[in-house]
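**Student:** Read in order, the letters of the sequence shown correspond to residues 3 to 298 in this note's numbering. Idealized CB from N, CA, C, for every residue including glycine. Quick one: the structure is below, and I'll ask about it shortly.
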Amino acid sequence: GLHERWLREWLRSQAAAELMVSDDGETFELQTEAAMVLARKGTPTYAGGVFSHLRNPKVADGLAEAFQTGLGLTYDGQGEGSEQHVEAMLAPMARALLVPRVIPALDGVADRLVAGAKVVDVGCGTGLALELMAAAWPDCTFEGYDVSERAVSVARDRFDGVDNVTIHLAGGEDVPPTADVDLMMTLDCLHDMPRPDLAMGAIRAAISEDGTWLVKEIKSSPEWSKNLRNPMLAMMYSTSVASCMSSAMSSEDGLGLGTLGMNPAVLESMVTDAGFTRFSMHDLDDPTNLYYEVRP
């Protein structure tokens with residue numbers, strides 16, 4: 003159990019921050035909406051993963067230096083456990099939506115997966131999306147690409163002994179030009195890349211002429227006034243400084259898009275420049291992300 007005096011003082015701090023409710027400072031309630039975000043890991047709205055990783059103070063020193071040099075930190079440079087932190091943030095919505103909602107929204111893709119398709123996930127991280135997809139469509143072959151050594155190590159352990167999943171330590175620009183990929187995926191990662199334009203060019207050369215590219219990106223607008231309506235905007239920009247834009251600025255030629263930089267207008271322009279001709283957006287039941295269907 004917990005010591006009552008210590009617990010009461012902490013609960014009062016939570017009530018003062020309006021994370022809990024108390025009329026008398028003695029009894030406290032975590033309301034349903036707060037519980038869905040902070041306590042119930044099985045719900046797609048769970049966001050406790052945002053706070054699951056405490057960074058080494060040296061990482062903060064590196065970020066402070068980046069303000070002077072302009073050169074950001076890669077995800078591996080953002081401290082031990084950063085790969086698990088990313089999965090903890092993305093997993094609830096991925097488990098809730100990717101297989102049951104997102105894939106069925108893409109024209110003809112589910113049928114191709116049932117028949118057996120080649121699927122490539124660029125920016126696969128620790129491999130969660132590939133795991134969900136491989137469980138749903140075991141007749142497909144899957145490949146994942148990521149530049150984080152730690153994330154790739156976790157992903158390879160995850161698929162140890164699995165014959166139809168291969169993980170590559172490489173960036174999106176290194177995907178080979180095979181022109182035979184049925185489904186390409188970039189899930190919440192283009193804005194993290196220093197050169198997403200180079201990755202898009204490689205993706206165009208790798209995808210089949212009748213293939214589909216699924217893009218998941220943060221829901222944002224090119225208009226500042228519209229972004230201000232987002233109640234999570236402050237956290238998103240702070241996350242960008244600490245992680246997303248830092249990664250996107252981790253090379254001298256980085257474009258530095260950051261968390262909210264890949265809005266629909268920017269994405270459509272970039273994929274068009276990469277040689278894609280069809281672009282559509284799916285606004286599913288995801289409060290923070292948009293899903294795009296891109297085709298040659």
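#1: From this set, Leu171, Leu235, Gly203 and Asp194, which residue's C-alpha is nearest Met186's C-alpha?
#2: How big is the Cα-Cα spacing for Thr180 and Asp212?
#3: Could you pull out every residue in the same chain whose Cβ sits closer than 6 Å to the Cβ of Pro289, ignoring the five residues on either side in sequence?
#4: Buried or exposed for Met234, please, with buried defined as at least 16 other CB atoms from any protein chain shown within 10 angstroms of its CB.
#5: I need the straight-line Cα distance from Arg152 to Cys142, nearest angstrom please.
#6: Out of Glu254, Lys228, Asp285 and Ser282, state which residue places its alpha-carbon closest to the alpha-carbon of Ala68.
#7: Buried or exposed: where does Ala66 fall if 16 or more other Cβ atoms within 10 Å of its Cβ makes it buried?
#8: Does DSSP classify Gly213 as helix, strand or coil?
#9: Taking the alpha helix (DSSP H) that His87 falls in, what are its first and last residues?
#10: Figure out for me which residue from Met283, Val273, Phe30 and Ser150 has the closest Cα to the Cα of Arg14.
#11: Between Leu222 and Pro178, what straight-line distance do the alpha-carbon atoms span, to the nearest angstrom?
#12: Under a Cβ-count criterion, where at least 16 other Cβ atoms within 10 Å of its own Cβ denotes burial, should Pro198 be classed as buried or exposed?
#13: Along the chain, which unbroken stretches of the alpha helix (DSSP H) at least 4 residues long are found entirely within the stretch 216-266?
#14: Let's test the definition: count the other Cβ atoms within 10 Å of the Cβ of Lys218 and tell me whether it reaches 16, buried, or not, exposed.
#15: Along the chain, where does the alpha helix (DSSP H) that runs through Phe69 open and close?
#16: Pick from Ala112, Val122 and Asp165: whose alpha carbon is nearest that of Trp139?
#17: Pop quiz: Ala136 and Val167 are said to be a contact at Cβ under 8 Å. What is the actual Cβ separation, rounded to whole angstroms?
#18: Run through DSSP, which three-state label would Leu171 get?
#19: Let me make sure I understand the geometry here. Which of Ile105, Leu192, Trp12 and Arg103 has the alpha-carbon closest to that of Met272?
#20: First and last residue of the beta strand (DSSP E) that includes Gly146?
#21: Does the stretch 88-97 touch the stretch 262-278, meaning 3 or more C-beta pairs lie closer than 8 Å?
#22: Please say whether Leu73 and Ser240 have beta carbons closer to each other than 8 Å?
#23: Check Val39 in the structure and name its three-state DSSP category.
#24: From the DSSP output, in three-state form, read off Ser24 for me.
**Tutor:** Straight from the coordinates:
#1: Selected option, being the one with the closest Cα: Gly203.
#2: Using only the alpha carbons, I get a separation of about 13 Å.
#3: Nothing listed; no residue qualifies.
#4: It is exposed - the Cβ of Met234 has fewer than 16 other Cβ atoms within 10 Å.
#5: Between Arg152 and Cys142, the C-alpha separation is close to 26 Å.
#6: Among Glu254, Lys228, Asp285 and Ser282, the Cα nearest to that of Ala68 belongs to Glu254.
#7: That one is exposed.
#8: If DSSP states are grouped into helix, strand and coil, Gly213 belongs with the strands.
#9: For His87, the enclosing alpha helix (DSSP H) covers residues Ser84 to Leu99.
#10: Out of Met283, Val273, Phe30 and Ser150, Phe30 has the C-alpha closest to the C-alpha of Arg14.
#11: One point to set straight first is that residue 222 is Ser, not Leu, in the sequence displayed. Ser222 and Pro178 have their alpha carbons spaced roughly 31 Å apart.
#12: Flag for Pro198 reads buried.
#13: 226-229, 235-241 and 247-250, all fully within the stretch 216-266.
#14: A residue is called buried once 16 or more other Cβ atoms fall within 10 Å of its Cβ, and Lys218 is buried on that count.
#15: Where Phe69 is concerned, the enclosing alpha helix (DSSP H) stretches over Pro59 to Thr71.
#16: The residue from Ala112, Val122 and Asp165 with its alpha-carbon nearest to that of Trp139 is Ala112.
#17: With 8 Å as the limit, Ala136 and Val167 qualify as a contact, their Cβ atoms being about 6 Å apart.
#18: Leu171: strand per DSSP, three-state reduction.
#19: Out of Ile105, Leu192, Trp12 and Arg103, Leu192 has the C-alpha closest to the C-alpha of Met272.
#20: Looking at the DSSP string, the run of the beta strand (DSSP E) that includes Gly146 is Thr143 to Asp148.
#21: Using a C-beta cut-off of 8 Å, the stretch 262-278 makes no contact with the stretch 88-97, since fewer than three inter-stretch Cβ pairs fall below that distance.
#22: Not closer than 8 Å, so no.
#23: Judged by DSSP in its simplified three-state form, Val39 adopts helix.
#24: Reduced to three states, the DSSP call for Ser24 is coil.
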